[in-house]
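Asker: Numbering (my numbering), first residue to last: 22 to 291. Every residue gets a Cβ at the ideal spot worked out from N, C-alpha and C, and that includes glycine.
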Ligand code: NDP
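1. So what's residue 283 in DSSP terms, helix, strand or just coil?
2. Using only the heavy atoms of the ligand NDP, determine whether one of them is closer than 8 Å to the beta carbon of residue 172.
3. So, is residue 79 buried or exposed, given that buried needs 16 or more other C-beta atoms within 10 angstroms?
4. How would you call residue 173, buried or exposed, if buried means at least 16 neighbouring beta carbons within 10 angstroms?
5. Could you give the distance in angstroms between the alpha-carbon of residue 221 and the alpha-carbon of residue 192?
6. Between residue 60 and residue 90, which are expected to be in contact by the criterion C-beta below 8 Å, what is the C-beta distance as a whole number of angstroms?
7. Would you call residue 22 buried or exposed, if buried means 16 or more other Cβ atoms sit within 10 Å of its Cβ?
8. Hey, residue 254 and residue 232 are a contact pair by Cβ (cut 8 Å); roughly how many whole angstroms apart?
9. Using a threshold of 8 Å, is the CB atom of residue 143 nearer than that to any non-hydrogen atom of the ligand NDP?
10. Report yes or no: do the region 257 to 266 and the region 118 to 126 share at least 3 C-beta pairs separated by less than 8 Å?
11. Could you pull out every unbroken beta strand (DSSP E) segment of at least 3 residues lying fully inside the region 183 to 211, listed in chain order?
12. Specify, as a first and last residue, the run of the alpha helix (DSSP H) that residue 86 falls within.
13. List the DSSP bridge partners of residue 110.
14. Leaving out five residues before and five after residue 115 in sequence, what residues of the same chain have Cβ atoms less than 7 Å from its Cβ?
15. Is the region 47 to 62 in contact with the region 101 to 108, if contact means three or more CB pairs nearer than 8 Å?
16. What runs of the alpha helix (DSSP H), each 4 residues or longer, lie entirely inside the region 126 to 188?
17. Residue 28 by DSSP, collapsed to three states: which one?
18. Looking at the unbroken beta strand (DSSP E) that takes in residue 55, where does it start and where does it end?
19. Using only alpha-carbon positions, find the residue among 38, 32 and 27 that is nearest to residue 258.
20. Measuring from the CB of residue 208, is there a heavy atom of the ligand NDP at a distance below 8 Å?
21. Quick check on residue 276: does DSSP put it in helix, strand or coil?
22. With DSSP as the reference, label residue 267 as helix, strand or coil.
23. State the CB to CB distance for the pair residue 146 and residue 214, rounded to an integer number of angstroms; the pair is presumed to be in contact (CB under 8 Å).
24. Buried or exposed: residue 275, going by 16 or more other Cβ atoms within 10 Å of its Cβ?
25. Between which residues of its own chain and residue 129 is the CB-CB distance below 7 Å, once the five residues before and five after are set aside?
26. Can you tell me which residues form a DSSP beta bridge with residue 95?
27. Residue 66: beta carbon under 8 Å from a heavy atom of the ligand NDP?
28. For residue 200, which residues in the same chain have their Cβ closer than 6 Å to its Cβ, ignoring the five residues on either side in sequence?
Below you can see the structure in the form of structure tokens.
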């Protein structure tokens, strides 16, 4: 029987994880099954038949990452910091260990792009699950300062207190410059511009949108217009978090560049 993995979420039909993991398995020179599993009730219930079929690892996406966190018998430090789990690793007795590879996926992609977070002034836009998930790994890189700015102030303040960083509203950013600006809001998904003062990009070495798309997202258009030196979308983060999950399951570290190249081509022609 082939090793069995899957991604759980709702919706799930759009997920590119099976394609990415098929490319990793080809690199490793093995055959694996990696399925999309729609979660219609609880994640707990969706995992039972998967475990019974021999499932040995899973990715978890929206809106199940918090439930995944709570159902795990063991959790990594990264998962504890994130308060969410995107990777499940099978333990004996139908139990799961939870990890969160989103942050390391982002940090590795920023490194791949040739930008160092060490000593950098970093602005994170948004205060939802994605931003919470990346704050720990970003802080581990020793930036000079991190600011979390969000439409809803209370959520930014909660995260700022949890991680000991600055909080702001978008309107309070005027006149401030950042080296790295990361969009972790879902505004680009809705095709919306963020109400950002344009001069925040004047000294930005990198503007990074966690969302990915065949063409510039609204945020990346804003950043280019504001003078950001380099702009990138979140496809590299997606491939990076998947690679970290794959390594946790199989002990094999996939090479990212060829997979990213293939996924970029497929996205362009989708
Ligand atoms: P959440 O729903 O948890 O949080 C959404 C955030 O976006 C909140 O801070 C919300 O602000 C803000 N927001 C939504 N719409 C707007 C708007 N129109 N203007 C301003 N702010 C807005 O989502 P996630 O944190 O899970 O995901 C955020 C993004 O990150 C998504 O685009 C997702 O696709 C992407 N992502 C990418 C990954 C990758 O591997 N590339 C991995 C994980 C996420 P408020 O609090 O005011 O509501």
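Answerer: This is what the structure gives:
1. helix
2. yes
3. buried
4. exposed
5. 11 Å
6. Actually they are not in contact, since the Cβ atoms of residue 60 and residue 90 sit about 15 Å apart, beyond 8 Å.
7. exposed
8. 7 Å
9. no
10. yes
11. 187 to 189 and 201 to 204
12. 86 to 92
13. 78 and 118
14. 72
15. no
16. 150 to 160 and 174 to 184
17. strand
18. 54 to 59
19. 38
20. yes
21. coil
22. helix
23. The Cβ separation is near 12 Å, so there is no contact.
24. buried
25. 261
26. 118
27. no
28. 141, 142 and 226
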